[in-house]
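Numbers given in our numbering equal positions in the sequence shown, counted from 1, plus 422. Presented below is the structure to which this report refers.
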Amino acid sequence: MKPNHSGYKEEVEVEEVEVEEVEVEEVEEEVEEVEAAAAAAAEEEEEEEEEEEEEEEEEERN
């Protein structure tokens, strides 16, 4: 209860909010994992493209 402008007390509802604490280090580790996975995927895609180009060149020779 808190006093209002006329001096009378009124009931006020308070909503509880849950807050999740996240350590910066944990987030940084997750970011590094995602970046590493993205780099690995990009490298794999590049290797596949090179293999496809080599196969196309070989087919053109034949």
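Even glycine gets a Cβ: it sits at the ideal position worked out from N, Cα and C. Bear in mind that the values here come from a model prediction, so they are computed numbers and not experimental data.
| Reduced DSSP secondary structure (H/G/I, E/B, other) of E440 | Indexing the sequence shown from 1 puts residue 440 at position 18. In the structure shown, E440 sits in coil (DSSP, three-state: anything other than H, G, I, E or B).
| Run of the alpha helix (DSSP H) containing E477, from where it starts to where it stops | For the purposes of this step, residue 477 is taken as the residue at position 55 of the sequence shown. E477 -> alpha helix (DSSP H) spans V446 to R483.
| query | Looking only at its own chain, which residues have a Cβ that is under 7 Å from the Cβ of E471, when we skip the five neighbours before and after it? | reply | On the sequence shown, position 49 is the one that residue 471 refers to. Hits under 7 Å: none found.
| Which of helix, strand or coil does DSSP assign to E433? | Residue numbering aside, residue 433 sits at position 11 when the sequence shown is read from its first letter. DSSP places E433 in coil when its eight states are reduced to three.
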